[in-house]
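Participant: Would you mind keeping the following structure in view while I ask a few things?
Protein chains in written order, with the numbering used here: chain E, 1 to 265; chain D, 1001 to 1323.
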């Protein structure tokens, strides 16, 4: 118990260190001062300006559309991939190869992924206009890295299921489809949801890959923030960052809640 | 191997002997490389598990964690699209039969081990299977609960008149269930019979030792006398070999000189160790070592010489030839 205080101190110091930058941004987003670090009083003016700014609004809509569509596609493919990997009797070597291939997008630096995608799309656009830089290409690019994360999370969930549950369903006259619909899917749903939330936040957050793939019509929020920084840091950017942070925190909390509730049962 | 309709049949053997595999073959969860499985005279070897009139109680019970008790029990009926109101009556009757009334809305994680087991039983039995398979159904229960649950299982079997095939590694459990049992080893069925037959007339060393360890005496046949370390003994069995093994249950050896004196099969032995067990006394004797289990009235001290009567009818000639 005598060690309680220093330990708590270390914990809180770490937390403060982690969140200080975010808190600073939030603080300056309600500062009246346009420039510099002096506190000139509280205001919500920057938030008002933010919501009146049409370019930002368009970027936000682009980001959300991109995140929503890519997440849906990646979740479906990622879940199918997880099921295929976990529920098929692959030879050991084949499975190891598949696992490595699936994990590469997780560990590979974004910049390399981005260059590779630009390279690939410059070839592929001869086959189809979908691969022209723009929203279509952005969605495909995001799906490519999101799949890996969804698969990782769903596979973890699948592996934690009691294998006898599956045999019990078969023993109780369930066809493959009935078994999937009534047993497997409800049981992995929390994992699928967590994977989807993760994919969604990753898409919202992505700058490097989007920066290489986007077209003039498909500026996303991170790209907007980056380009506005070149014109100098504005309190409006602070307000925007605070809104995005809050949104992400809410999503993360939701995802955490979903998995916790189901883990009890 | 054949199981009579309506019987409580037990597959007994040490872990890894293939008893669970045999159960899974009957369920259709695994396919045999060779051989066939018949159910009520019909060859079901190639019928998939989800079309066989056989249901299983799994070792882990494998209840569906996201479904409540009622939904768990109704699963098989719904999968076969049984009429909803009929399914409802059946599930309710099952809840009653297994004293699960009032637990219908609970989820598996809210149930005790015994309740989970009864749900697993109900979930299988509600489908009125031709055969109910039970894979080590007691292994997940607290030891003090087991005897009670074993009696409940027997009562249930009496009530519903379905063939039960249970797998267990627990000799006591297999005996208790009372129906025929098959002792298995290395994927082979070694001996099949009633508990009394298998226990008192073990076929070979493995069965004799696996069921509470009989005394095994290497012997050489000389006419109708068996020459053992204890001396020459007679057995009521027909003996085929010249050199082989005999088995005698520790509790069937009679201590002291009784009314059978003079009919032979009396030997003398020295006490090495006396273990007082409460309900019985266990003696380790030399030569042998031979184990004798007798009434706690006796209290011979180590070093003492005792005389033993080995009833010829209880001295079993095993199939095993000399090693």
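Beta carbons: idealized from backbone N, C-alpha and C, even for Gly.
1) Closer than 9 Å, CB to CB, is residue 89 of chain E near chain D or not?
2) What are the start and end residues of the alpha helix (DSSP H) that includes residue 1005 of chain D?
3) Please compile the residues from chain B whose C-beta is within a distance smaller than 7 Å of the C-beta of residue 1076 of chain D.
4) Here's the rule: buried if 16 or more other CB atoms are within 10 angstroms of the residue's CB, otherwise exposed. What is residue 1061 of chain D?
5) Just verifying my parser: in three-state terms, what is the DSSP assignment at residue 1170 of chain D?
6) Using the Cα positions of residue 35 of chain E and residue 101 of chain E, report the straight-line distance between them to the nearest angstrom.
7) Label residue 249 of chain E either buried or exposed according to how many other C-beta atoms from any shown protein chain fall within 10 Å of its C-beta, with 16 as the threshold for buried.
8) Within the 9 Å Cβ cut-off, does residue 1021 of chain D reach chain E?
9) Please confirm if residue 1 of chain E has its CB atom under 9 Å from at least one CB of chain D.
10) In chain E, what lies closer than 9 Å to residue 1029 of chain D by C-beta?
11) For residue 1062 of chain D and chain E, any beta-carbon pair shorter than 9 Å?
12) Within the stretch 3–41 of chain E, note down every full alpha helix (DSSP H) run reaching 4 residues or more, in order along the chain.
13) For the beta strand (DSSP E) that contains residue 1269 of chain D, what are its first and last residues?
14) The alpha helix (DSSP H) spanning residue 122 of chain E covers which residue range?
15) Might you give, ordered along the chain, the residues of its own chain that have their beta carbon closer than 8 Å to the beta carbon of residue 40 of chain E, omitting 5 neighbours on each side?
16) In this structure, how does DSSP classify residue 1243 of chain D when only helix, strand and coil are distinguished?
17) Taking residue 1073 of chain D and residue 1122 of chain D to be in contact with their CB atoms under 8 Å, please state how far apart those CB atoms are, rounded to whole angstroms.
18) Restricting to Cα atoms, I'd like to know which of D/1017, D/1046, D/1020, D/1038 is closest to residue 1031 of chain D.
19) Could you give the residue range of the beta strand (DSSP E) that holds residue 1307 of chain D?
20) Do you know offhand how far residue 51 of chain E's Cα is from residue 238 of chain E's?
21) Report the option in D/1210, D/1129, D/1250, D/1271 whose CA atom is closest to the CA atom of residue 1294 of chain D.
22) I need the straight-line Cα distance from residue 8 of chain E to residue 14 of chain E, nearest angstrom please.
23) Taking one C-beta from the stretch 241–257 of chain E and one from the stretch 1124–1139 of chain D each time, how about it: are there three or more such pairs within less than 8 Å?
24) Give me, in chain order, the residues of the same chain whose beta-carbon lies closer than 6 Å to that of residue 1199 of chain D; leave out the 5 immediate sequence neighbours on both sides.
25) In chain order, what residues of the stretch 1032–1050 of chain D put their CB closer than 7 Å to some CB of chain E?
26) Go through the stretch 1211–1256 of chain D residue by residue and report every complete run of the beta strand (DSSP E) that reaches 3 residues or more, in order.
27) Starting from residue 183 of chain E, find everything on chain D with Cβ-Cβ shorter than 7 Å and list it in chain order.
28) So is residue 1028 of chain D buried or exposed if we call it buried at 16+ other beta carbons inside 10 Å?
29) Start and end of the beta strand (DSSP E) containing residue 1285 of chain D?
30) Name the chain D residues whose beta carbon is nearer than 7 Å to that of residue 103 of chain E?
Facilitator: On the basis of the supplied data:
1) no
2) Here residue 1005 of chain D belongs to no alpha helix (DSSP H), and DSSP marks it neither H nor E.
3) Here the protein chains are E and D, and chain B is not one of them.
4) buried
5) coil
6) 48 Å
7) exposed
8) no
9) For residue 1 of chain E, the predicted structure reports a pLDDT of 48, less than 50, and the residue's modelled location is therefore unreliable. The matter cannot be settled from this model.
10) 167, 170, 171
11) yes
12) 4–29
13) 1266–1276
14) 110–124
15) 31, 32, 33
16) strand
17) 5 Å
18) D/1046
19) 1305–1309
20) 13 Å
21) D/1250
22) 10 Å
23) no
24) 1211
25) 1049, 1050
26) 1215–1222, 1225–1228, 1231–1233, 1243–1248
27) 1064
28) buried
29) 1281–1286
30) Simply none; closest approach about 29 Å.
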